[in-house]
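Chemist: Residue numbers (our numbering): 12 to 359.
Heads up, the beta-carbon is just placed ideally off N, CA and C, and yes, glycines get one too.
1. Report all residues from its chain with a CB closer than 7 angstroms to the CB of residue 76; omit the five preceding and five following residues, and keep chain order.
2. Flag this pair as touching only if the segment 84-95 and the segment 55-72 have three or more C-beta atom pairs under 8 angstroms; answer yes or no.
3. Is residue 224 buried or exposed, if buried means 16 or more other CB atoms sit within 10 Å of its CB?
4. Taking Cβ positions, are residue 123 and residue 167 nearer each other than 8 angstroms?
5. Looking at the structure shown, is residue 198 part of a helix, part of a strand, or coil, going by DSSP?
6. Between residue 203 and residue 186, which are expected to be in contact by the criterion C-beta below 8 angstroms, what is the C-beta distance as a whole number of angstroms?
7. Who are residue 137's beta bridge partners in DSSP?
8. Please classify residue 348 as buried or exposed, where buried requires at least 16 other C-beta atoms within 10 Å of its C-beta.
9. Grab the span of the beta strand (DSSP E) containing residue 70 for me, first residue to last.
10. Note down, in chain order, each residue of its chain lying with its Cβ closer than 8 angstroms to the Cβ of residue 162, except the 5 sequence neighbours on either side.
11. Report yes if the CB atom of residue 318 is closer than 8 angstroms to the CB atom of residue 326, and no otherwise.
12. Leaving out five residues on either side along the sequence, give the residues of the same chain with a beta carbon under 6 angstroms from the beta carbon of residue 340.
13. Under the rule that 16 or more other beta-carbon atoms within 10 Å means buried, what is residue 311, buried or exposed?
14. Expressed to the nearest angstrom, what Euclidean distance is found between the alpha-carbon atoms of residue 355 and residue 309?
15. Where does residue 52 fall in DSSP's three states?
16. Within the same chain, show all residues whose beta-carbon is closer than 7 angstroms to that of residue 329, passing over the 5 residues directly before and after it, in chain order.
17. Could you tell me whether the Cβ atoms of residue 249 and residue 134 are closer together than 8 angstroms?
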């Protein structure tokens, strides 16, 4: 058992007691939702499957809380084996979902839209955050001070993820296009390494790696724009939603319990992120307290669609969508399944 886990257990006991006696909306209803999903399974004799594959990611703090505290395992009991798989980025989570290697995975909203538009049968069942997790990053001695300065330069970015779409939007706003730069398609950590090694001029960064680069390497964020960041989406395959609704409900219930705990315990949440990501605790605290809005409704809906509608034309123009605008429009119309989150938070 990790030192983080040992520190967290007493807090969980207190939080659990508070949830049982509270008459407030979210906490009490979350407990009821969990009991209901478990009760339905027990009443029918068993859960719909004896396995559940789900991801955890450093860009999804709630997944770290659930995994560390065993929240899902407590809800599901001994009858379901929970397999945790780490996602290195939204693109990797989408690959795992599409291949059937995981049932539930966490991505940026833009990445989820891209995947569904390209035929991946996924839907968003919960919102885990509204982050500012992307920016344009350069080295400490770079002469690049604006997005306009990127013309003719090489930029590291992970295609199919929010930082990549952040780059596209930033270029468009500056009167440039992706053809005006040389994109090096590298996974997030490799992008930072390429920037620090001098093999690229800039990097479309992702927290917490980006926050660590600021402190450890002196890298500079030359352009930030919170409106260019999409929400954190928790996605499930349609097969899982249709055939294992009881497990889908258990997952969303666990996320809502984790959200309540994380909001009450930001320092402990940051400490957990620091441990899993291998970053300085102060860096992790910056990510959690300044760049990760966890205090957002878990119910996917109009707010998320509005953001995706803004990015849709950029996505179409990028040429990364098979079928173009029609495919994106169909994905926008069908990507949300709010059923489980509505139940978990009592319809708020």
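Modeler: According to the structure shown:
1. Result list for residue 76: 269, 272, 273, 280, 283, in chain order.
2. Yes, the segment 84-95 touches the segment 55-72.
3. Its Cβ being crowded by 16 or more others within 10 Å, residue 224 is buried.
4. Between residue 123 and residue 167, the CB-CB gap reaches or exceeds 8 angstroms.
5. Residue state for residue 198 is assigned as coil, using DSSP reduced to three classes.
6. Not confirmed; about 27 angstroms, so no contact.
7. Its beta-bridge partners are 245.
8. With 16 or more Cβ atoms within 10 Å of its Cβ, residue 348 is classed as buried.
9. No beta strand (DSSP E) contains residue 70, which DSSP labels as neither H nor E.
10. 187, 191, 192.
11. The Cβ atoms of residue 318 and residue 326 lie no closer than 8 angstroms to each other.
12. Around residue 340: no qualifying Cβ.
13. With 16 or more other Cβ atoms inside 10 Å of its own Cβ, residue 311 counts as buried.
14. Going from the Cα of residue 355 to the Cα of residue 309 covers about 9 angstroms.
15. Low local confidence applies: a pLDDT of 48 at residue 52 is under 50, so the model's placement there is unreliable, with the coordinate-based value given in what follows. In the three-state DSSP reduction, residue 52 falls in the helix class (H, G or I).
16. Counting only Cβ-Cβ distances below 7 angstroms, and skipping sequence neighbours, we find 179, 189.
17. The answer is yes: Cβ separation under 8 angstroms.
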